[in-house]
Every structure is written in C-alpha cells, then in structure tokens.
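Q: Take this structure first; my questions come after.
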Amino acid sequence: MASLSPSGEGYGGSLRYLTPLIRERGHTLPRPSGVIEHYRDFLPVSENTPIVTLGEGDTPLVKSRQIGPALGCKALYFKLEGCNPTGSFKDRGMCMAVAKAIEAGRERIICASTGNTSASAAAYGAKYGLQTFVLVPAGEIALGKIAQAMAYGARILAVNGSFDDALTTVRGLVEILDIELVNSVNPFRIQGQKTGAFEIVDELGDAPDILSIPVGNAGNITAYWMGFKEYKAAGRSKKLPHMMGFQAAGASPIVQDRIIERPETVATAIRIGNPASWKRAVAARDESGGRIEAVTDEQIIAAYLKLAREEGLFFEPASAASVAGLMRLPELGVDLTGKTIVCILTGTGLKDPGTAEKRAFVKMELVEPDMESVMALIGAPRRK
Ligand SMILES: *Cc1c(COP(=O)(O)O)cnc(C)c1O
C-alpha cells in the first residue's frame with residue numbers, strides 16, 4: 001500500500017494530529033481514494049461534486065539508477081503515471097471532468113483521442129453509468145488503448161482524419177448537443193492533472209529544479225505548471241521548476257511555431273499538429289525559464305529501450321520522449337549537473353505492444369523442451 005506523505009497531509013489536514021499516534025501503534029493510514037479526495041482543498045469541488053474515482057494518483061516516484069548518474073544530475077526521478085488505473089495520467093483529469101459532468105446532470109460524455117483519453121473516459125463512464133463516445137483517428141491508435149475502450153463498452157467512432165480533425169468535430173458538437181466534452185480543453189481535466197505536481201512536491205519536500213514532460217495537446221505541461229505555481233503560492237514549496245517539454249520531431253508545432261497538417265511519429269500519444277493548449281504551454285516554458293524542444297523517432301525509440309533495459313521501466317514511446325529530450329538537454333546548452341529532475345512517464349508500455357514487438361529486435365529462440373537443449377542455449381557454468 002502506498003504511504004501518505006510524512007505530515008499526513010491529504011486529509012485536508014484533519015487527520016494530521018492523529019498521524020504520530022497511528023504510526024506509533026504500527027497501523028498504516030487508510031489511503032485517500034483518488035485525487036479528488038486527496039487534494040480537494042486545491043480543486044474546484046463543492047458538497048455537490050461527487051467523489052469520482054478509480055483510485056487514480058499516488059503514483060510512484062522512482063529514482064533512476066543509470067540514466068540520472070550518467071547525466072551527472074543530483075537525482076533523477078521517474079514519475080510512473082502508467083500506474084494509474086487505465087495506465088496513463090489521463091485518469092487524474094478524467095475523474096474531475098466526469099465528477100463535474102455528473103454534477104451538471106450530464107448523462108453522456110465525448111472526446112477525441114489519440115487513445116489514452118478514450119481509454120480513461122470509457123473507464124470512468126462505465127463506472128458512473130455515463131454513455132461514452134470516443135472519436136479516434138482510424139487506424140492510428142495503439143492496440144492496447146483501443147482494446148480498453150472496447151472492453152469498457154464505449155461507442156468508438158473511427159474518423160477518417162487526424163486527431164486534430166476529430167477534436168475540431170467534437171468541439172463543434174458539444175456546442176449543440178447535451179453532452180460533456182472531456183478532452184483537456186475541459187478546464188476540469190487540467191485541474192485534476194495538476195495534482196501530479198502536488199504529489200511530487202509532497203514527496204520531495206520541494207519542487208524539482210527541472211520537470212521533463214512530453215507535449216502533445218499540451219494539457220499536461222499546462223497542468224503541471226499550474227500545480228507547481230499553486231503549491232508555491234500556498235507555501236508548500238520554495239521554488240518552481242524549469243519546465244522542459246518535448247515534442248516528436250514529426251509533430252512539433254510549438255517548436256516550429258506553425259501548425260503541422262500531417263503530424264507523424266511513432267509516439268502516437270503526441271501525434272498532434274495543432275495543440276489545444278498551445279499558448280499555455282508556451283507560457284509555462286517562458287514563465288519558468290524552460291524549453292520546448294523536439295526529439296526524433298530514433299531518439300524516442302533509443303530512450304524507450306534504454307528505459308526498459310537500464311531502469312526496468314516499460315513505458316510507451318510518448319513517455320520516452322521526455323527521457324530522450326532530457327538526454328539532449330546538455331547538448332542544447334542546459335547544465336544538468338547537481339540538479340534534481342523529475343521526468344513524467346505518462347503511459348505504460350503495455351498500451352502499445354506493437355512498438356516493442358517491432359523495435360526491440362528480440363527474436364524468440366525456439367528450443368526443444370529438454371534440459372540439454374536449454375542448457376546449450378543458456379551457456380551458464382555449472383554450480384560449484
Ligand atoms: C496524452 C498523452 C501525452 C500528451 O499529453 P498532452 O496533455 O496532450 O500534452 C503524452 N503521453 C501519453 C502517454 C499520453 O497519453
């Protein structure tokens with residue numbers, strides 16, 4: 001069971017005085033269920049807002065053993081957002097968006113998606129009895145993600161166009177239909193997602209020097225920056241991080257400062273040519289003294305395999321973009337020595353098994369099911 005921050009925060013402070021007592025008796029504290037309950041003091045919720053949760057948030061912050069030391073930083077941590085209930089950070093925002101949709105009396109939700117938003121919407125929609133519609137670009141969604149939407153029972157509309165086309169369509173639809181839009185243009189999504197920044201500060205005791213994050217529709221970099229600023233304003237941290245965002249080279253509208261009509265990248269979750277939160281991502285970069293840079297698919301795949309093989313972390317290509325980008329920063333003139341860095345690993349590698357199969361270049365070795373044959377392949381010395 002994940003432990004609570006040492007101060008016992010996360011109960012709105014109400015149980016804080018009990019913490020030492022409970023510790024002393026050797027009991028573990030009950031875990032707050034989900035981000036709405038945990039961080040309700042920082043979220044736009046009232047008594048009328050239902051606590052919608054699948055147990056999202058409270059994800060591990062794991063210290064790097066290879067990549068961080070090689071970069072010479074003080075400490076590099078990976079935030080494992082793939083440990084959320086549907087396997088990506090989208091759940092942090094989706095619980096808020098769905099809670100507010102229910103509060104507003106809606107019975108239907110809709111989103112455009114490169115995959116993870118649809119998986120998340122479909123899961124929360126299923127639990128809370130909302131009819132869920134997802135518009136996805138036909139043929140461009142990673143297998144694991146579409147499998148989720150199918151299993152959760154969403155209506156899947158595969159559009160003959162890009163993610164950006166699908167988003168334009170749903171934005172128009174919700175103007176005329178009684179249906180809630182749960183893309184990150186929904187402000188409650190960003191509100192929920194900012195809790196990722198809170199967790200980092202609660203765990204490290206302050207903000208890191210650098211936050212490294214992939215950028216697609218740019219909602220998450222917007223949310224983290226909002227979270228860090230709000231926590232600092234509330235006196236929970238002393239500093240703010242430099243926000244380092246990374247786009248895939250073939251889908252890098254912010255870096256190139258122009259809309260990309262046909263974005264292309266192996267990292268399907270960030271295959272976006274016209275990000276909805278474009279301006280806010282630029283603001284996060286500029287206010288924080290950060291950078292938004294591009295990484296090639298080759299760099300993304302190299303980081304994807306490095307993460308898996310040197311850190312034991314299997315995350316999807318879009319997540320690896322933040323690692324690929326971090327590794328590029330020294331050559332771009334950013335000094336990482338002595339820095340505390342957090343890298344957001346946004347979605348589990350199981351979402352996209354096809355990429356591992358194609359890019360890991362590992363062949364299964366056929367062998368007869370007897371000891372002699374297997375021993376010949378293993379080549380280990382005999383026990384002494
Ligand atoms: C959605 C998503 C992103 C991109 O986040 P934005 O908020 O769209 O910038 C990156 N990685 C994964 C795994 C995602 O699901």
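All the letters of the sequence shown, read from the start, carry residue numbers 1 to 384 under this note's numbering.
Virtual Cβ for every residue (Gly too), placed ideally from N, Cα, C.
Since the structure is predicted, the reported quantities are computational estimates derived from the model, not experimental observations.
Count the other C-beta atoms from every protein chain shown that fall within 10 angstroms of the C-beta of LEU313, then say buried if there are 16 or more, exposed otherwise.
A: Per the 10 Å Cβ criterion, buried.
Q: I'd like the span of the alpha helix (DSSP H) that includes LYS90, first residue to last.
A: Here the alpha helix (DSSP H) through LYS90 covers 90-103.
Q: Give me the DSSP bridge partner(s) of CYS111.
A: CYS111 is bridged to VAL134.
Q: Which first and last residues belong to the beta strand (DSSP E) in which THR340 is found?
A: 340-345 is the extent of the beta strand (DSSP E) around THR340.
Q: Given 7 Å as the limit, tell me if SER184 has its C-beta closer than that to any heavy atom belonging to ligand 1.
A: Answer for SER184: yes, Cβ within range of ligand 1.
Q: Nearest-angstrom Cα distance between GLU261 and TYR77?
A: GLU261 and TYR77: Cα-Cα distance of roughly 35 Å.
Q: With DSSP as the reference, please indicate the residues paired to GLN247 in a beta bridge.
A: DSSP output for GLN247 lists ALA294 as bridge partner(s).
Q: Is VAL295 near ligand 1, judged by its Cβ being under 7 Å from some heavy atom?
A: Result no, Cβ not under 7 Å from ligand 1.
Q: Taking buried to mean at least 16 other C-beta atoms within 10 Å of its own C-beta, is THR337 buried or exposed?
A: Per the 10 Å Cβ criterion, exposed.
Q: Verify the contact flag: GLU316, CB atom, against every heavy atom of ligand 1, threshold strictly below 7 Å.
A: Yes; taking the cut-off as 7 Å, the Cβ of GLU316 has a heavy atom of ligand 1 nearer than that.
Q: Do ALA112 and ligand 1 come close, with the Cβ less than 7 Å from some heavy atom?
A: No; taking the cut-off as 7 Å, the Cβ of ALA112 has no heavy atom of ligand 1 nearer than that.
Q: Looking at the structure shown, is LEU21 part of a helix, part of a strand, or coil, going by DSSP?
A: For LEU21, the predicted model reports a pLDDT of 46, less than 50, meaning its position is unreliable; a value from the coordinates is still stated below. It is helical.
Q: Using the C-alpha atoms, what's the distance from ALA376 back to ILE220?
A: In the sequence on display, residue 220 carries Asn and not Ile. Answer to the nearest angstrom: the Cα atoms are 50 Å apart.
Q: For PHE78, report the span of its beta strand (DSSP E) as first-last.
A: Segment 75-80, the beta strand (DSSP E) holding PHE78.
Q: Measuring straight from C-alpha to C-alpha, what distance separates PHE246 and LEU326?
A: Near 9 Å, if we compare the C-alpha coordinates of LEU326 and PHE246.
Q: So VAL136 and ALA158 are in contact, right, with Cβ under 8 Å, and what is the actual spacing, rounded?
A: Right, their Cβ atoms sit about 6 Å apart.
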